[in-house]
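One rule links them: number in my numbering = place in the sequence shown (from 1) + 732. No residue lacks a Cβ here, since even glycine has one placed at the ideal position from N, Cα and C.
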Amino acid sequence: MSSIKEKFNQISPSEFFYSNRDLAGFSNPTRSLYTAVREFVENALDACDQKGILPDVHLTIKAVEPDKPDPKPYILTVKDNGPGIDAEHIPLAFGTVLYGSKFGLKQARGMFGLGATMAILYGQITTNKPVTVKSSSDAKIQNQFEILLDIQKNKPVIVKHTTKEVAKKGLSVSICLEGDYSKAGNKIRDYVYETSLITPYASITFDDPKGNKFSHPRFVKDIPPPPTIIRPHPHGIDVERIRRMIVESQFEIPTIDDAMIEKVRKDLGLSVKKLSFTSIMEKAKKKWKTLPRQVRVVIALMSFLKMDFEKLNKIRIEDIDMPNKKLFYWDFGDSQSKSVDMDPESQYYKQLTNTVQGEPLTTFLTKRFQRVGPTTAVKFASFAKLKPEKRMGTLTNQELVNLSDALQKFDDFMAPDSSCLAPLGAEPLEKGIKKFFNPDFVAVVQRPASAYSGFPFIIEMGIAYGGDIKSGGPHVYRYANRIPLLYDEGSDVVIKVVNDTDWGRYKVKGEPPFIIVSHICSTRIPYKTAGKENVADRQEIERELRLALQFLSRKLSSFMSKRGQAEAAKKRANLYAKYIPMIAEFCTELAGKKKEPNYKKMLETEIETENKKAVKEEKEIGNK
């Protein structure tokens, strides 16, 4: 009986997404062209947002061979007036998958460090052409790169690099890719249109392959304040994240070489080269509070080794065994491992404890998490059945699991900090809806900040009725971190909430002309795929969406009631106009009179009163 040996190997992130590009929205020429547009436009808007620059974004799509049928190669170019990218970062930023500036805990359109590079990768594998990047970060010199991506190594290959003098900052990215504009065109135009609605402070122009120009100038001049990077909230932490935070909080034992010894001499202010161990320790004791951490660790090690600089240069620290209070080192002179005992009562013992075992639990909580103070940290330690002074580096695997569970279950932590979020705002959203739809009625709401799994989020929503809105509603416009979501709406949480609503309760029947605009902004949008087209139905997000929609639906219901009353008033006026003349004629004949009563002035006054009342009621509810 024979056996076949399995061969194991490792692939790079770029090779994985090369083989599985459907995950990032590059499944076919139609979807890929649309996704590439999205990624580059969103990168441009993000760059401007972060620096507080009013964005001017210019999108161009040109066919390489216009007469050739789709799918065919297109040149996609996106230019912006943002801060640009420094030359040293350009090759990695555009030639490495999962490399970027969006991995911090703050709101941004992009989140995976994936999309733009995937577009470049898709262009490369369909046309074998490099990406062209032009960037100026100082408004003096523009760096131009042509870059290919080494798929197997996930590294950039610089084909060409030139520079020239310019007068403006900004970035231009141009790729050649296979696309199908005949099928993707509607989605791309919708994307640009809807992006302008949710980004009213941006000016966006689009030149399509057919020579058409679509211009959406900004109509709001106030840009929302940029989001800030914050520390994580305890409710959103798992075991792996805790483990990484512990490693980050620990201080590596410095390498004791000539450079380190010279640094210790300098920081201690020692001019004499040959000083005894006692003299060195006396000097260190006087300057202890002003010494940097690295130097303190070296001094602490010297205190237990009882060595001067000359002897210290002939050993290598191997291990600091805190449980057994031993310090192990390799003696190069004797070519053997040795150890010394450490006195736990020594003033230097605490320094090594901090280095090896990490911070106490309470310090760890207050320094590493947002909105956790000393009092809350002590209360949590009691809840988690851990000592407040417990060193993080001494926690067992099971204690780490228990700590993670306790962090998620403890109810006394404050709500997540929302300063990392940059919602559009109710007023700009309302202006956008009015400009694009000219409705008879509009209402908007911004919900208070909430959180799911420790990630803060804010729901903004608007509802509009009548005007230029087409019938067949509700028409739903979905946004997440100011990104229009145009695909895969069937499995999106917003659509679920809208479909679950009993519109009859709110006096909305049939297929009326009304729209719903929903915007979710968060440090971590729970997308179902890397393509970022639909949002998962997290319980907390679904609840906030329902509350926002219910609030707006009640406003709409009030408008519909007022409109019904106005329509009833108009009907009454029409009835008066139709039947009162007939009644007057009949009464005149019945009374045997020849002259009819003077009813016309009374009728005109009544009709005018009813019409004014109807118009006033419509205006009142439309302005609310």
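Looking only at C-alpha atoms, which of T1320, D1051, R963 sits nearest to D1149?
As a working mapping, residue 1149 is identified with position 417 in the sequence shown. Closest by alpha carbon: R963.
| field | Beta-carbon proximity check, E747 vs I883, cutoff 8 angstroms | value | Numbered from 1 along the sequence shown, position 15 holds the residue referred to as residue 747. Numbered from 1 along the sequence shown, position 151 holds the residue referred to as residue 883. Contact check for E747 against I883 passes: the beta carbons are separated by less than 8 angstroms.
Within the region 1225-1301, note down every full alpha helix (DSSP H) run reaching 4 residues or more, in order along the chain. Counting only runs of 4 or more, we get 1225-1232.
If you drop the 5 nearest sequence neighbours on each side, which residues of the same chain put their C-beta closer than 6 angstroms to that of T895? If you number the sequence shown from 1, residue 895 lands on position 163. I873, N875, listed in sequence order.
*asked:* Looking at the strands, I want to know which residues DSSP matches up with T937.
replied: Position 205 of the sequence shown holds residue 937. Answer by DSSP bridge pairing, in chain order: H790, S947.
In three-state DSSP terms, what is M1146? Translated into the one-based positions of the sequence shown, residue 1146 becomes position 414. Residue state, collapsed to three classes: coil.
Exposed unless 16 or more other CB atoms sit within 10 angstroms - verdict on C1319:
As a working note, residue 1319 is residue 587 in the sequence shown. C1319 is exposed by the Cβ-count criterion.
- Message: Below 8 angstroms, how does it come out for the region 1211-1224 and the region 909-918: are there three or more Cβ pairs, yes or no?
- Response: Flag = no, the region 1211-1224 and the region 909-918 do not touch.
Check: Can the beta-carbon of P941 be found less than 8 angstroms from the beta-carbon of Y806?
Finding: For the purposes of this step, residue 941 is taken as residue 209 along the sequence shown, with counting starting at 1. For the purposes of this step, residue 806 is taken as residue 74 along the sequence shown, with counting starting at 1. Contact: yes.
What are the partner residues of P761, as DSSP defines its beta bridges?
One-based indexing of the sequence shown puts residue 761 at position 29. None, per the DSSP bridge assignment.
Query - From P949, F1096, L1084, R921, residue whose alpha carbon lies closest to that of V931 - result: Within the sequence shown, numbered from 1, the residue matching residue 931 stands at position 199. Note that residue 931 is Thr in the sequence shown, not Val. If we check each option's Cα against that of T931, P949 comes out closest.
Exercise for review: Determine the direct distance from the alpha carbon of H967 to that of I1247, and round the result to whole angstroms.
Suggested key: The sequence position of residue 1247 within the sequence shown is 515, counting from 1. The sequence position of residue 967 within the sequence shown is 235, counting from 1. Near 35 angstroms, if we compare the C-alpha coordinates of H967 and I1247.
**Item:** Cβ-based neighbour list, E1050, same chain, cut-off 7 angstroms, excluding 5 preceding and 5 following
**Value:** Start at 1 with the first residue of the sequence shown, and residue 1050 comes out as number 318. So the qualifying residues of the chain are F1060, Y1061, W1062, S1069.
Subject >> Beta-carbon spacing of K1019, L1000 below 8 angstroms >> reply: Along the sequence shown, one-based indexing puts residue 1019 at 287. Along the sequence shown, one-based indexing puts residue 1000 at 268. Closer than 8 angstroms, so yes.
If contacts are defined as beta-carbon pairs under 8 angstroms, then L791 and T937 qualify, I think. What distance do you get, rounded to the angstrom?
Within the sequence shown, numbered from 1, the residue matching residue 791 stands at position 59. Within the sequence shown, numbered from 1, the residue matching residue 937 stands at position 205. That pair is a contact at about 7 angstroms.
Identify which residue in I1273, D1200, A1158, K900 has its Cα closest to the Cα of P1188. Start at 1 with the first residue of the sequence shown, and residue 1188 comes out as number 456. Residue I1273 is the option with its Cα nearest to P1188.
Specify the secondary structure class of Y1331 as computed by DSSP and reduced to three states.
Mapped onto the sequence shown, residue 1331 falls at position 599. Assignment of Y1331 by DSSP, reduced to helix, strand and coil, places it in the coil class.
Sequence-distant residues of its chain with Cβ nearer than 7 angstroms to Y750 (five each side left out) = Position 18 of the sequence shown, counting from 1, holds the residue named residue 750. Only L853, I857, I883 meet the Cβ criterion.
- Task: Could you check what DSSP says for F1169 in three-state terms: helix, strand or coil?
- Result: Looking up residue 1169 in the sequence shown gives position 437. F1169: helix per DSSP, three-state reduction.
Check: Does the Cβ-Cβ distance between L909 and L1023 come in under 8 angstroms?
Finding: Here residue 909 corresponds to residue number 177 of the sequence shown, with the count starting at 1. Here residue 1023 corresponds to residue number 291 of the sequence shown, with the count starting at 1. No. Outside cutoff.
Backbone secondary structure at L1156 - three-state DSSP | Position 424 of the sequence shown, counted from the first residue, corresponds to residue 1156. Correct three-state label for L1156: coil.
Check your understanding: Hey, quick one: how far does the alpha helix (DSSP H) through G902 stretch, first residue to last?
Key -> Translated into the one-based positions of the sequence shown, residue 902 becomes position 170. Element bounds for G902: not the alpha helix (DSSP H) but the beta strand (DSSP E), 902-911.
- Message: Once the 5 residues before and after I1312 are set aside, which same chain residues still bring their CB inside 8 angstroms of it?
- Response: Here residue 1312 corresponds to residue number 580 of the sequence shown, with the count starting at 1. The residues are Y1331, L1335.
Exercise. What are the partner residues of P888, as DSSP defines its beta bridges?
Worked result: For the purposes of this step, residue 888 is taken as the residue at position 156 of the sequence shown. According to DSSP, which records beta bridges pairwise, P888 is partnered with L881.
- What's the C-alpha gap between P1120 and N1231? In the sequence shown, the residue the question calls residue 1120 occupies position 388. In the sequence shown, the residue the question calls residue 1231 occupies position 499. Approximately 49 angstroms between the Cα atoms of the pair.
Between which two residues does the beta strand (DSSP E) harbouring E1192 extend?
-> In the sequence shown, the residue the question calls residue 1192 occupies position 460. In the DSSP assignment, E1192 falls within the beta strand (DSSP E) that extends over 1187-1197.
Check your understanding: Given Y1211, which residues of its chain have a CB within under 6 angstroms of its CB, disregarding the five upstream and five downstream residues?
Key -> Counting from 1 along the sequence shown, the entry for residue 1211 is found at position 479. Excluding positions up to five away in sequence, the list reads I930, H1251.
Kindly list the residues whose CB is nearer than 7 angstroms to the CB of K1166, restricted to its own chain and excluding five residues on each side of it in sequence; keep chain order. Residue numbering aside, residue 1166 sits at position 434 when the sequence shown is read from its first letter. Once the five neighbours on either side are set aside, the close Cβ partners of K1166 are V1174.
Beta bridge counterpart(s) of S1182 as assigned by DSSP:
Taking the sequence shown and counting its residues from 1, the one referred to as residue 1182 is at position 450. Residue pairing from DSSP places S1182 in a beta bridge opposite F1189.
*asked:* Just to confirm before moving on: does the CB-CB distance between N1045 and I993 stay below 8 angstroms?
replied: What you label residue 1045 is simply residue 313 of the sequence shown in a count that begins at 1. What you label residue 993 is simply residue 261 of the sequence shown in a count that begins at 1. Pairing N1045 with I993 gives a Cβ-Cβ distance under 8 angstroms.
Exercise for review: Determine the direct distance from the alpha carbon of D939 to that of K945, and round the result to whole angstroms.
Suggested key: Here residue 945 refers to the residue found at position 213 of the sequence shown. Here residue 939 refers to the residue found at position 207 of the sequence shown. The alpha-carbon atoms of K945 and D939 are separated by roughly 5 angstroms.
Have a look at S1114, A1032, R1048, T1095 and flag the residue whose alpha-carbon is nearest the alpha-carbon of Y1080. Stepping through the sequence shown from its first residue, residue 1080 is reached at position 348. Nearest C-alpha to Y1080: A1032.
Output yes or no for whether 8 angstroms exceeds the beta carbon distance between R1270 and P1258.
-> Within the sequence shown, numbered from 1, the residue matching residue 1270 stands at position 538. Within the sequence shown, numbered from 1, the residue matching residue 1258 stands at position 526. Going by C-beta atoms, R1270 is nearer than 8 angstroms to P1258.
CA-CA distance, M843 and S1254?
For the purposes of this step, residue 843 is identified with residue 111 of the sequence shown, where counting begins at 1. For the purposes of this step, residue 1254 is identified with residue 522 of the sequence shown, where counting begins at 1. Because the pLDDT at M843 is just 47, under 50, the model does not fix this residue reliably, and the value given afterwards should be weighed accordingly. Answer to the nearest angstrom: the Cα atoms are 11 angstroms apart.
When we look at the beta-carbon of G1242 and count the other beta-carbons within 10 Å, is it buried (16 or more) or exposed?
On the sequence shown, position 510 is the one that residue 1242 refers to. Under this definition G1242 is an exposed residue.
Item checked: Selection from V1177, K1239, Q1282 that minimises the alpha carbon distance to K1294 -> Within the sequence shown, the letter at position 562 stands for residue 1294. Minimum Cα distance to K1294 is reached at K1239.
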